[in-house]
Amino acid sequence: MSALAKASGALKSVDYEVFGRVQGNGGGLSVLNVVSELALMVLSHYFPNQYTEQEAKKLGVVGWVKNTSQGTVTGQVQGPEEKVNEMKSWLSRVGSPSSRIDKTNFSNEKEISKLDFSDFNTRY
Numbered sequence: 001m002s003a004l005a006k007a008s009g010a011l012k013s014v015d016y017e018v019f020g021r022v023q024g025n026g027g028g029l030s031v032l033n034v035v036s037e038l039a040l041m042v043l044s045h046y047f048p049n050q051y052t053e054q055e056a057k058k059l060g061v062v063g064w065v066k067n068t069s070q071g072t073v074t075g076q077v078q079g080p081e082e083k084v085n086e087m088k089s090w091l092s093r094v095g096s097p098s099s100r101i102d103k104t105n106f107s108n109e110k111e112i113s114k115l116d117f118s119d120f121n122t123r124y
């Protein structure tokens, strides 16, 4: 069993799909913050999943994230149950700065005996 599993008890795995404006599709711009909004839109368009990676790494979970051709974001998260639940909350309520989350579907949620990944990264 990994050190992560020993330190935190049960490990959990869950697949997710996030719906809404989640791939940096743009949005309304105000005159006061047009420069910062444009910068966020450019970053979100070219690096849409960097925020998900950052949050996952901050929480200490592993897995992956990927944009789909349907305009959603999908992936898998694994780690200690408490940390996976924190990531689920972030995926449902926060997301990247320019995202608008309409709903998040979670599936295949299960307890696992070991992690399938060693890091969290973006798939292309």
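The UniProt record's numbering puts the first residue of the sequence shown at 1, with every later residue one more than the last.
Glycine included, C-beta positions come from ideal geometry on N, C-alpha and C.
On a predicted model such as this, the values are computed, not experimentally measured, just so you know.
A distance below 7 angstroms between beta-carbons, with the five flanking residues on each side excluded, links residue 74 to the following residues of its chain, in chain order: 16, 17, 66, 68. With respect to residue 117, residue 63 sits close: the two C-beta atoms are nearer than 8 angstroms.
With fewer than 16 other Cβ atoms inside 10 Å of its own Cβ, residue 111 counts as exposed.
For residue 56, the closest C-alpha among the options 114, 96, 21 is that of 96.
A straight line joining the alpha-carbon of residue 123 with that of residue 52 spans about 12 angstroms.
The beta-carbon separation of residue 100 and residue 20, rounded to 5 angstroms, stays under the 8 angstroms limit for a contact. For residue 89, the uninterrupted alpha helix (DSSP H) segment begins and ends at 81 to 93. Listed as beta-bridge partners of residue 17 by DSSP are 74, 105. Its chain contains 80, 81 as the residues whose beta carbon lies nearer than 8 angstroms to that of residue 9, once the 5 sequence neighbours on both sides are disregarded; these appear in chain order.
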